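Order-wise, the sequence lines are chains A and B.
Residue numbering for the first sequence follows this note's numbering, beginning at 188 and increasing consecutively.
Residue numbering for the second sequence follows this note's numbering, beginning at -8 and increasing consecutively.
Each residue gets a CB set at the ideal place from its N, CA and C atoms; glycine is no exception.
Just so we're clear, the structure is a prediction, and the values are computed from it rather than from any experiment.
Note sheet for the following structure.
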Amino acid sequence: NAGVMQNPRHLVRRRGQEARLRCSPMKGHSHVYWYRQLPEEGLKFMVYLQKENIIDESGMPKERFSAEFPKEGPSILRIQQVVRGDSAAYFCASSPGAGIMNTEAFFGQGTRLTVV
Amino acid sequence: DAKTTQPNSMESNEEEPVHLPCNHSTISGTDYIHWYRQLPSQGPEYVIHGLTSNVNNRMASLAIAEDRKSSTLILHRATLRDAAVYYCILRDNLASGTYKYIFGTGTRLKVLA
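As structure tokens, then:
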């Protein structure tokens, strides 16, 4: 059973370009979470999605950032018109479905975005 | 959001036990206490979680205070590979009945050879 897969592991973008980060959850998991980690800081919650639904996007910047988790395929975190401040490690986690309280989430290895 | 307080850093000698404390005085009755660790340049790794009773697994033990306002992660014999940032987390209960994690700053554990 493969773990949470994120790709690419490293992504370099010039200012103004778009960045697309992909996350394939563990098999059987229908919940996906995205986190951002700036250098030497903790993880900051961004968004929580179920298949085809955004459950909580309270940590997402209001502009340029969007996320989706389609019925088929991986979850995508999209950053438009990137700026240097977007340089960070972006982690995805997945967990089983709703109503299962006593479970843990599993994290991917992250995508390290560098904006030049 | 439920919050946790942890020391910024701790040191331990190799092969000795390590007790990592966490305070969570605002915990609610249904919040589970989760511990994750993050090794350099890697994603967070699940360690252990519990609700009221002490818990043991192959990685560690979790001791939860009777009033649940604090907990301690116990590594029985620290190795150099245990050097990481350890996060104590309370799952945030959303109105929908589903959950997310709110990470604090964690404790950076240094293991001395």
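Using a 10 angstroms sphere on the CB of Asp243 of chain A, the tally of other CB atoms reaches 16 or more, which defines it as buried. As the crow flies, the alpha-carbon of Phe294 of chain A is around 12 Å from that of Tyr92 of chain B.
Within the same chain, Ala206, Val269 and Val302 come within 6 Å of Arg200 of chain A by CB-CB distance, once the 5 residues on both sides are set aside. For Thr298 of chain A, the enclosing beta strand (DSSP E) stretches over residues Thr298 to Val302. Around the C-beta of Gln204 of chain A, fewer than 16 other C-beta atoms lie within 10 Å, and the residue is accordingly described as exposed.
Non-local C-beta neighbours of Arg68 of chain B in its own chain, meaning closer than 8 Å and more than five positions away in sequence, comprise Glu6, Glu7 and Pro8, ordered along the chain. Proximity to Lys(-6) of chain B across B:Leu64, B:Ile18, B:Gly34 and B:Ser52 peaks at B:Ile18, based on C-alpha coordinates. Gly215 of chain A is outside the set of residues whose beta carbon lies under 8 Å from a beta carbon in chain B. Between His15 of chain B and Ser61 of chain B, the gap from beta carbon to beta carbon is short of 8 Å.
Take the alpha-carbon of Thr96 of chain B and the one of Gly229 of chain A: they are about 5 Å apart. Taking C-alpha positions only, Ser217 of chain A is separated from Ala104 of chain B by approximately 42 Å. Closer than 8 Å to the CB of Tyr220 of chain A there is at least one CB belonging to chain B. Shown here, Gly272 of chain A sits in a helix according to DSSP, grouped into three states.
Nearest neighbour of Glu36 of chain B by Cα position, chosen from A:Val191, A:Met247 and A:Ile266, turns out to be A:Val191. Note on Pro212 of chain A: 16 or more other CB atoms within 10 angstroms of its CB, so buried under the neighbour-count rule. Neighbours of Tyr277 of chain A in chain B, taken as residues whose beta carbon is under 7 Å from its own, are absent, since the nearest beta carbon is some 10 Å off. Here Leu71 of chain B carries a helix assignment [DSSP, helix/strand/coil]. Comparing alpha-carbon positions, the option among B:Arg99, B:Asn47, B:Thr21 and B:Ile24 lying closest to Ala74 of chain B turns out to be B:Arg99.
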